[in-house]
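Asker: Using my numbering, the first residue of the sequence shown is number 38, and each one after it goes up by one.
Note that beta-carbon positions come from the ideal geometry of N, C-alpha and C, so glycine has one too.
Predicted model only: the values in this text are computed from it and were never measured.
Attaching a single structure in structure tokens format; questions to follow.
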Amino acid sequence: MPEWKNHDKWAEKMGISKETSKFVNGLIDFPKNCQEFQDFCERDPSARIFTKGRPTRMTVASLITHDSGRSNKFYREIQLKFLSQKGSDHVKAYYLHQVLDYIEWWIKNYSEENLTVENILQEKRLEKKIGDPINEELQSVVKFAIQNSEEILQDYSRDDIK
């Protein structure tokens, strides 16, 4: 997926600090290394793993791996719940990371004439992979990505993807 330098570049252009971007990138790509998230999951009852209707000592943090929030809605919701406590920029950085990763994945796997970010981020695809399209932070990230479509596509063009 995109290098963090690209995530940081686009976060900065969106007005998100490098510190926030790096924190969120680390949470998404290496969740087990984020002690603050691990601690949050220990405290939050919604992050407990249940077996036969009973809570166990395990938390969802032990199951979340690199980018798993993109394929598992529950994992995504726990990460977003954690990030929402830190503020809107953390949530935007989360969605921006996921959107950029998804754009790169799309470019790598599909060849289309006249490709635009708007085409890639069609609502149904977006909802399945990234989250609820009516979410305010996600809407602002999608709008930002569409407004910067040409430059984002240049950053993630086929020639640049290894």
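Which residues in the same chain as Ser83 place their Cβ atom closer than 8 Å to its Cβ, once the five residues preceding and following it in sequence are excluded?
Answerer: If we look at Ser83 and ignore the five residues flanking it on each side, its Cβ neighbours are Ile115, Lys118.
Asker: Just to check my reading of the structure: Ser177 and Lys129 have Cβ atoms closer than 8 Å, yes? What is that Cβ distance to the nearest angstrom?
Answerer: That belief holds up - the Cβ atoms of Ser177 and Lys129 are roughly 6 Å apart, short of 8 Å.
Asker: Can you grab the Cα-Cα spacing for the pair Trp143 / Glu174, in whole Å?
Answerer: When rounded, the distance between both Cα atoms is 22 Å.
Asker: What residue from Ser186, Ser121, Tyr193 has the CA that sits closest to Asn172's CA?
Answerer: For Asn172, the nearest C-alpha among the options comes from Ser121.
Asker: Alpha helix (DSSP H) containing Asp45: first to last residue?
Answerer: Run containing Asp45: 41-50, per the alpha helix (DSSP H) assignment.
Asker: Would Val61 pass as a contact of Tyr131 if the rule is Cβ separation under 7 Å?
Answerer: Their beta carbons are under 7 Å apart, which means Val61 touches Tyr131 by this criterion.
Asker: Under the rule that 16 or more other beta-carbon atoms within 10 Å means buried, what is Tyr147, buried or exposed?
Answerer: Tyr147 comes out exposed.
Asker: So, for His103: in the same chain, excluding its five sequence neighbours on each side, which residues have a beta-carbon less than 8 Å away from its beta-carbon?
Answerer: Once the five neighbours on either side are set aside, the close Cβ partners of His103 are Ile65, Asp66, Phe67, Pro68.
Asker: Mind checking which residues open and close the alpha helix (DSSP H) that includes Ile144?
Answerer: Per DSSP, Ile144 belongs to the alpha helix (DSSP H) from 125-146.
Asker: Figure out for me which residue from Leu133, Tyr193, Asp192 has the closest Cα to the Cα of Gly168.
Answerer: It is Leu133 whose Cα lies nearest to the Cα of Gly168.
Asker: Among Lys180, Gln75, Arg80, whose alpha-carbon lies nearest the alpha-carbon of Leu137?
Answerer: Nearest option by C-alpha distance: Lys180.
Asker: Check this for me: beta carbons of Ala98 and Gln75, under 7 Å apart or not?
Answerer: For Ala98 and Gln75, yes; Cβs fall inside 7 Å.
Asker: For Cys78 and Lys123, I'd like the C-alpha separation in whole angstroms.
Answerer: The straight-line gap from Cα to Cα measures roughly 15 Å.
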